[in-house]
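Protein chains in written order, with the UniProt record's numbering: chain A, 1 to 265; chain B, 1 to 164. Cβ atoms here follow ideal geometry from the backbone N, Cα and C, with glycine treated the same way. Nothing here was measured: the structure is a model prediction, and the numbers come from that model. One structure is given below, encoded as structure tokens.
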Amino acid sequence: MYQFEYQTPKSAADVVAALKADEDAKVVAGGMTLIPTLKQRLAMPTTLIDLRSVPELKGVREEGGTIVVGAMTTHAEVWADPTVKSKFPALSYLAGKIGDAQVRNRGTIGGSIANADPAADYPAAVLALNATIVTDSREIAADDMFTGLFETALNEGEIITEVRFPIAKRAGYAKFRHPASRYAIVGVMVAETDSGVRVGVTGAGPNAFRVPEMEQALASNFSPDAVANIKVPADDLNSDIHASAEYRAHLVTVMAKRAVEAAMG
Amino acid sequence: MALTLNMTVNGKARKVTVESNALLSDVLRVNLGLTGTHVGCDTSQCGACTVHVDGVSVKSCTMLAAQADGATITTIEGLAAPDGTLHPMQAAFKEHHGLQCGFCTPGMVMSAVDLARCEPNASEEQIREWLEGNICRCTGYHNIVKAVKTGLTDMQSGGKVAAE
Numbered sequence: 001m002y003q004f005e006y007q008t009p010k011s012a013a014d015v016v017a018a019l020k021a022d023e024d025a026k027v028v029a030g031g032m033t034l035i036p037t038l039k040q041r042l043a044m045p046t047t048l049i050d051l052r053s054v055p056e057l058k059g060v061r062e063e064g065g066t067i068v069v070g071a072m073t074t075h076a077e078v079w080a081d082p083t084v085k086s087k088f089p090a091l092s093y094l095a096g097k098i099g100d101a102q103v104r105n106r107g108t109i110g111g112s113i114a115n116a117d118p119a120a121d122y123p124a125a126v127l128a129l130n131a132t133i134v135t136d137s138r139e140i141a142a143d144d145m146f147t148g149l150f151e152t153a154l155n156e157g158e159i160i161t162e163v164r165f166p167i168a169k170r171a172g173y174a175k176f177r178h179p180a181s182r183y184a185i186v187g188v189m190v191a192e193t194d195s196g197v198r199v200g201v202t203g204a205g206p207n208a209f210r211v212p213e214m215e216q217a218l219a220s221n222f223s224p225d226a227v228a229n230i231k232v233p234a235d236d237l238n239s240d241i242h243a244s245a246e247y248r249a250h251l252v253t254v255m256a257k258r259a260v261e262a263a264m265g
Numbered sequence: 001m002a003l004t005l006n007m008t009v010n011g012k013a014r015k016v017t018v019e020s021n022a023l024l025s026d027v028l029r030v031n032l033g034l035t036g037t038h039v040g041c042d043t044s045q046c047g048a049c050t051v052h053v054d055g056v057s058v059k060s061c062t063m064l065a066a067q068a069d070g071a072t073i074t075t076i077e078g079l080a081a082p083d084g085t086l087h088p089m090q091a092a093f094k095e096h097h098g099l100q101c102g103f104c105t106p107g108m109v110m111s112a113v114d115l116a117r118c119e120p121n122a123s124e125e126q127i128r129e130w131l132e133g134n135i136c137r138c139t140g141y142h143n144i145v146k147a148v149k150t151g152l153t154d155m156q157s158g159g160k161v162a163a164e
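Here it is in structure tokens:
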């Protein structure tokens, strides 16, 4: 690791000010991606700005039909939260399948979404549940958030403060995970929401995406059969030693079927 | 950048001055001499470095010591009673021979104790899933799982001394 300064601002406003003051500073949330990156000397921030002492970024609360999750809430906390478990079992399930127990105790929802790893789980939920990403300065709609490989709509120096999930009528998540890393080779969340049926896919492409054809089919017939014959094109999907683009395309259909099954309970 | 950190480690207040980029695993081992915390892969995969920070299991090779400033930390050295009586989970590992070379054992035990917090009545399947973040290169998982099962039960009944 290269040398860096280390700061623990006490408010979101102080974090933003610190980022403004030093353009080579970097924010650390749980550090589950950033610390390995630093260890490999793939990043050389002048200063690490740790979000751990900002109280307003923590915790889960229910606010009139919406589950609001603070950006620094860990995956383990989302998984175990009684409100999430009872009102939003699919979200609890998804959080409980991220990485391993120790990673879930450190990794955060805000960090996962801001990092936008193509194989991260949360982006599928953000899209399927039509979540709103709240930052220090604005609200970003789910459909605008993920713009490319490790790329989001966040501006330089902008931080996520919380994520708002409108409670879905029903939702299910299914992932075909890498057996060692537990990252999604393909993960699909299907949800019946107030804004219609939504299907969010992660792991398959450079960034998470929706599948409108599946959404339309499920809107008229919410059953695994409705999506069984809908294939996404393999052209733009990821291909690596773990799975070819064609295999990922196949898995999107299979995981979508399983996600519908899960949503139907 | 040198930082002075205050932590409670295994019940004792400790003050260390370390560089801002020091890993918690290194500070525990080098600065505090607690070499029971092992560093296996140093890439957040094997779990040998698992310790408890504020009551939850973390991989100390993937946490900066600076991030643990003010925290309460328990390492494998902090589990047994001061008189040497093993923690029920340690006793269960001994009883079931839940180790071969022993390198992964501190991390396995620390992970298993955290499982008791989350799922005190975990099934064998849940135990195996929970231990995904801990790798045993000897592949001695069967006895590890048996040990964890017994350890979870014994932790609820207040513990028992390992069979001699």
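Among the residues of the stretch 13-42 of chain A, those with a Cβ less than 7 Å away from any Cβ of chain B are G31, M32, I35 and P36, in the order of the chain. With a threshold of 8 Å between beta carbons, M1 of chain A makes contact with chain B. Any Cβ of chain A closer than 8 Å to the Cβ of E119 of chain B would place that residue at the interface, and such an atom is absent.
Within 8 Å of the CB of V254 of chain A, no CB atom of chain B is found; the nearest one sits about 22 Å away. Here I160 of chain A is actually not in contact with T132 of chain A; their C-beta atoms are around 11 Å apart, not less than 8 Å. The way I'd put it, the stretch 86-93 of chain B doesn't touch the stretch 23-41 of chain B; fewer than three beta-carbon pairs between them come closer than 8 Å. With a cutoff of 8 Å on beta-carbon distance, G78 of chain B and N10 of chain B are scored as near each other. For R61 of chain A, the nearest beta carbon of chain B is not closer than 8 Å to its own beta carbon. Within chain A, the C-beta atoms nearer than 9 Å to that of A66 of chain B come from Y6, T8, L48 and D50, in chain order. For K257 of chain A, the closest alpha carbon among the candidates A:Y183, A:A245 and A:A171 is that of A:A171.
In this structure, DSSP gives N229 of chain A a state outside helix and strand, which the three-state scheme calls coil. Secondary structure note for P106 of chain B: its alpha helix (DSSP H) is the uninterrupted segment T105 to C118. L42 of chain A counts as exposed, since fewer than 16 other C-beta atoms from the protein chains shown sit within 10 angstroms of its C-beta. For S20 of chain B, the C-beta contacts it makes with chain A under 8 Å involve Q3, F4, E5, Y6 and L48, in order along the chain.
Residues T83 of the same chain have their beta carbon placed closer than 6 Å to that of E62 of chain A, with the five preceding and five following residues left out of the count. Look at the UniProt domain "2Fe-2S ferredoxin-type" (3-79) of chain B and you find no whole run of alpha helix (DSSP H) that is 4 residues long or longer. Around the CB of M44 of chain A, fewer than 16 other CB atoms lie within 10 Å, so the residue is classed as exposed. Restricting attention to alpha helix (DSSP H) runs no shorter than 4 residues, the stretch 81-107 of chain A encloses them at 82-87, 89-96 and 101-104, ordered along the chain.
Across the stretch 65-77 of chain A, CB contacts with chain B closer than 8 Å involve A76, in sequence order along the chain. In the three-state scheme derived from DSSP, where H, G and I count as helix and E and B as strand, T253 of chain A is classed as helix. The alpha-carbon of L34 of chain A is positioned some 12 Å away from that of A114 of chain A. Within 7 Å of the CB of D100 of chain A, the CB atoms of chain B belong to E132 and G133, in sequence order along the chain. Here L149 of chain A is exposed: its Cβ has fewer than 16 other Cβ atoms, across all protein chains shown, within 10 Å. A141 of chain A is bridged by DSSP to A:T132.
Only Q102, V103, N105 and R106 from the stretch 102-118 of chain A bring a Cβ to less than 8 Å from some Cβ of chain B.
The residue among A:T47, A:S11, A:A18 and A:A80 with its C-alpha nearest the C-alpha of P55 of chain A is A:S11. Looking at A:F4, A:Y247, A:G65 and A:G70, the one whose alpha-carbon comes closest to that of D24 of chain A is A:F4. As DSSP reads the structure, R61 of chain A sits in a beta bridge with A:V68. The beta-carbon separation of A128 of chain A and M189 of chain A, rounded to 4 Å, stays under the 8 Å limit for a contact. Listed in chain order, the positions of the stretch 174-191 of chain A with a beta carbon within less than 9 Å of a beta carbon of chain B are A180, S181 and R182. The secondary-structure analysis by DSSP pairs R177 of chain A across a beta bridge with A:A184. DSSP places P166 of chain A in the strand class (E or B) of the three-state scheme. Rounded to whole angstroms, the gap between the alpha carbons of A2 of chain B and R198 of chain A is 50 Å. Exposure of K169 of chain A is indicated by the presence of fewer than 16 other C-beta atoms within 10 angstroms of its C-beta.
Counting only residues of its own chain and dropping the five nearest sequence neighbours on each side, M255 of chain A has a CB closer than 7 Å to the CB of A174, K175, F176, V186, G187 and V188. DSSP places Y6 of chain A in the uninterrupted beta strand (DSSP E) bounded by E5 to Q7.
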